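Residue numbers (the working numbering): 120 to 359.
Every residue, glycine too, gets a C-beta built ideally from N, C-alpha and C.
From a predicted model like this one, the values you see are computed outputs, not experimental measurements.
Structure first, then comments.
Put into structure tokens, the structure is as follows:
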């Protein structure tokens, strides 16, 4: 069920961890959730970091962890977590990170981890007010039917929660290959009083932006099919 890395450490094989492309975020699932951010066990997820450091990046619906793994060397002192509802997929990401840690010298990949959770319900259980600097929503479930739009991970109500856990100046990154969803996410962000669009020059200078379309399995699939992507990047601002 795994393949050897360069030093003999076995990396998990994705085909043994396949699951549905998306999960219903409104269904009840059973997994441990911290009562509050103070109850989140940092020593379990980041054993080589001092426990005074806190998570600053969150990849919501992290899939198979491609973005986390690409971000890790770019921000080696920043703690980041992937949040994934599907149990098999979150287990794959966990095993992938552990294998990368074992096959690379310290401190490589010590700053990333994953939790199985429902971010639409439990974001405030993991992060304090203003704790995060970046949040990522890459190729989320489009929930095409209008009656299911309430399941979308970007919505006016959920943006209130994201604004709570993002510090002023923090950034939300979104991307999709579904034009209607791209317009929906952009419209929600544009209309929210606590977010403003990041200007084009800043986007060109941001090393993260290029990864939005290339780091994930879904993004690579879109590129192979020569598909179009629709991006919206917004900054958390102070209330006027």
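So does residue 301 have its beta carbon nearer than 6 Å to some heavy atom of the ligand NAP? The ligand NAP is not among the ligands present in this structure, which contains no ligands whatsoever.
Could you tell me the alpha carbon to alpha carbon distance between residue 197 and residue 174, rounded to whole angstroms? For the purposes of this step, residue 197 is identified with residue 78 of the chain shown, where counting begins at 1. For the purposes of this step, residue 174 is identified with residue 55 of the chain shown, where counting begins at 1. Each residue's Cα considered, the two are about 7 Å apart.
So, using beta-carbon positions, are residue 235 and residue 150 closer together than 7 Å? Counting from 1 along the chain shown, the entry for residue 235 is found at position 116. Counting from 1 along the chain shown, the entry for residue 150 is found at position 31. The answer is yes: Cβ separation under 7 Å.
Check for me: the beta strand (DSSP E) holding residue 232 runs from which residue to which? For the purposes of this step, residue 232 is taken as residue 113 along the chain shown, with counting starting at 1. Where residue 232 is concerned, the enclosing beta strand (DSSP E) stretches over 231–235.
How do the region 298–305 and the region 327–334 stand: do at least 3 beta-carbon pairs fall below 8 Å, yes or no? no
Secondary structure at residue 362, three-state DSSP: helix, strand or coil? Outside the displayed range of the chain (120 to 359) lies residue 362, so it cannot be described from this structure.
Quick check on the burial criterion: 16 or more other C-beta atoms within 10 angstroms. Buried or exposed for residue 144? Looking up residue 144 in the chain shown gives position 25. With a pLDDT of 45 at residue 144, under the threshold of 50, the modelled position of that residue is not reliable, and no figure is offered here.
Measuring CB atoms only, is the region 200–212 touching the region 269–289, in the sense that at least three cross pairs come out at less than 8 Å? no
Inside the region 246–278 only - beta strand (DSSP E) runs reaching at least 3 residues: 251–257
Inter-stretch contact at 8 Å, needing at least 3 Cβ pairs: the region 166–181 / the region 242–257: yes
Taking all protein chains shown into account, decide if residue 212 is buried (16 or more other Cβ within 10 angstroms of its Cβ) or exposed. Position 93 of the chain shown, counted from the start, is the residue given in the question as residue 212. Result: buried.
Going by the beta-carbon positions, is the gap between residue 351 and residue 300 smaller than 7 Å? Translated into the one-based positions of the chain shown, residue 351 becomes position 232. Translated into the one-based positions of the chain shown, residue 300 becomes position 181. Not closer than 7 Å, so no.
Since residue 353 contacts residue 291 with CB under 8 Å, what's their CB separation in whole angstroms? By 1-based counting over the chain shown, the position of residue 353 is 234. By 1-based counting over the chain shown, the position of residue 291 is 172. About 5 Å; that satisfies the 8 Å criterion.
Measure the C-alpha to C-alpha separation of residue 296 and residue 262 and round it to an integer number of angstroms. Looking up residue 296 in the chain shown gives position 177. Looking up residue 262 in the chain shown gives position 143. C-alpha separation (whole angstroms): 13 Å.
Output the distance between the C-alpha atoms of residue 313 and residue 340, rounded to the nearest integer angstrom. Position 194 of the chain shown holds residue 313. Position 221 of the chain shown holds residue 340. Going from the Cα of residue 313 to the Cα of residue 340 covers about 33 Å.
Going by DSSP, what residues sit across from residue 304 in a beta bridge? Counted from its first residue, the chain shown places residue 304 at position 185. Paired residues: none, contrary to the question.
Go to residue 178, then tell me how far its beta strand (DSSP E) extends in each direction, as first and last residue. Residue 178 sits at position 59 when you count from the first residue of the chain shown. Looking at the DSSP string, the run of the beta strand (DSSP E) that includes residue 178 is 174–179.
With residue 272 and residue 251 assumed to form a contact (beta carbons below 8 Å), what rounded beta-carbon distance in angstroms separates them? Here residue 272 refers to the residue found at position 153 when the chain shown is read from its first residue. Here residue 251 refers to the residue found at position 132 when the chain shown is read from its first residue. Incorrect: roughly 15 Å between the Cβ atoms, too far for contact.
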